[in-house]
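A.B. asks: Before I ask anything, let me first share the structure, which is written out below as structure tokens.
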Amino acid sequence: MSDGSAIEWTEATWNPTTGCDRVSKGCDHCYALTLAKRLKAMGSAKYQTDGDPRTSGPGFGLAVHEDALSVPYGWKAPRTVFVNSMSDLFHARVPLDFVRRVFAVMADTPQHTYQVLTKRARRLRQIADRLEWPPNVWMGVSVETSEELARVDDLRQVPAKVRFLSCEPLLGPLGGLDLDGIDWVIAGGESGPGHRPLEEDWVTGIRDACAAAQVAFFFKQWGGHTPKAGGRTLQGQTWDQLPMTAPVPAG
């Protein structure tokens, strides 16, 4: 958990679960896996469970944290909260009952806005009708390449007030992206050692699709050795649109 975040599109993070496993190309240079290894070495109690070395790593085994469920009640001022920056709430090993309890906390703290992001879109779709969806929960899926476009179809079937896509790290063009039923798209390049390059036309293609569909567009970063190395401007403009605000058409 963190009362404050360096992520441009949120204000705080909350991790009722930690740990994960790689499932697609976007996971190859996972920042959370690297951070978990460091936190384990530092003795952090939440990161002492090791994951399968083929898909996870030291300190990054899936773990459920009952005590973290009380955290949002201690935040007095309303804030936007990224849920599970260090995990995936819809991981197969997160019990449905615990997912329900996380949703109950979100419903019980309507002063906050919660952003939930998953790569497990199929499980999300399969259990969505067994969850209560309060209006302060935004649900998103990661779409790094055109190979993951089916995740968007799964998301469309979820009764969230706001549905969004995180195209980060964007690793290729998203030709054929259908934004019907989508409210917000975040795009960004990869950062850190061994980062893969981001092409401008991949980003402008998404931006223009958002403008045509009247979907909010947020460009997070070009990426590079560090997250801020390449800056955030796209063709001379910063794109910080949020859902439920009118998008500015591309010029």
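Numbering (the numbering used here), first residue to last: 132 to 382.
Backbone N, C-alpha and C define an ideal beta-carbon position, used for all residues, glycine too.
As the structure is a prediction and not an experimental result, all values here were calculated from the model.
Is Cys151 closer than 8 Å to His222 when the C-beta atoms are compared?
C.D. replies: yes
A.B. asks: Which stretch, first to last residue, makes up the alpha helix (DSSP H) that contains Cys298?
C.D. replies: Where Cys298 is concerned, there is no enclosing alpha helix (DSSP H), although the beta strand (DSSP E) it sits in stretches over Val293 to Cys298.
A.B. asks: Report the rounded CA-to-CA distance for Leu170 versus Pro300, giving the unit in angstroms.
C.D. replies: 23 Å
A.B. asks: Can you list, in chain order, the residues of its chain with a C-beta nearer than 7 Å to that of Tyr178? Leave out the 5 residues immediately preceding and following it.
C.D. replies: Cβ within range, chain order: Thr149, Ala167, Leu170, Lys171 and Gly190.
A.B. asks: Taking Leu365 as the reference, give the member of Asn267, Gln288, Gly319 and Ala235 with the closest Cα.
C.D. replies: Gly319
A.B. asks: Going by other Cβ atoms of all chains shown within 10 Å of its Cβ, with 16 needed for buried, is Pro380 buried or exposed?
C.D. replies: Any reading at Pro380 needs caution, since the residue's pLDDT is 43, under 50, leaving its predicted position unreliable; the model's value is listed next. Exposed, by the Cβ-count rule.
A.B. asks: Between Gly307 and the rest of its own chain, which residues show a CB-CB distance below 8 Å, the 5 nearest in sequence each way excluded?
C.D. replies: Ser277 and Leu280
A.B. asks: Indicate the three-state DSSP secondary structure (helix, strand or coil) for Trp140 in the structure shown.
C.D. replies: coil
A.B. asks: What residues match up with Phe213 in a beta bridge as DSSP calls it?
C.D. replies: Bridge partners of Phe213: Thr144 and Gln246.
A.B. asks: Is it buried or exposed, Gly182, if we count other Cβ atoms within 10 angstroms and call 16 or more buried?
C.D. replies: buried
A.B. asks: Starting from the C-beta of Gly188, find all residues in its chain whose C-beta is less than 8 Å away, skip the five residues before and the five after it, and write them out in chain order.
C.D. replies: Contacts found: Leu164, Ala167, Lys168, Asp181 and Gly182.
A.B. asks: Between the C-alpha atoms of Leu305 and Thr335, what's the straight-line distance to the nearest angstrom?
C.D. replies: 11 Å
A.B. asks: Excluding sequence positions up to five away, which residues of its chain have a Cβ less than 8 Å from the Cβ of Asp285?
C.D. replies: Ala252, Arg253, Leu255, Arg256 and Val272
A.B. asks: Spatial neighbours of Lys207 within its chain, please: CB distance less than 7 Å, with the 5 preceding and 5 following residues excluded, ordered by chain position.
C.D. replies: Once the five neighbours on either side are set aside, Lys207 has no close Cβ partner at all.
A.B. asks: With His160 and Gly323 assumed to form a contact (beta carbons below 8 Å), what rounded beta-carbon distance in angstroms separates them?
C.D. replies: 6 Å
A.B. asks: Return yes when at least one heavy atom of the ligand ZN lies under 7 Å from the C-beta of Thr144, else no.
C.D. replies: In the structure shown, the ligand ZN is absent, as is every other ligand, since no ligand is present at all.
A.B. asks: Give me the DSSP bridge partner(s) of Thr149.
C.D. replies: Partner(s): Ala194.
A.B. asks: Within 10 Å of its beta-carbon, does Met237 have 16 or more other beta-carbons around it, so buried, or fewer, so exposed?
C.D. replies: Buried, since its Cβ has 16 or more Cβ neighbours within 10 Å.
A.B. asks: Thinking just about the alpha-carbon of each residue, which of Glu263, Phe229, Arg210 and Leu220 is nearest to the one in Gln242?
C.D. replies: Arg210
A.B. asks: Quick one: using the 10 Å Cβ neighbour count with 16 as the cut-off for buried, is Glu331 buried or exposed?
C.D. replies: exposed
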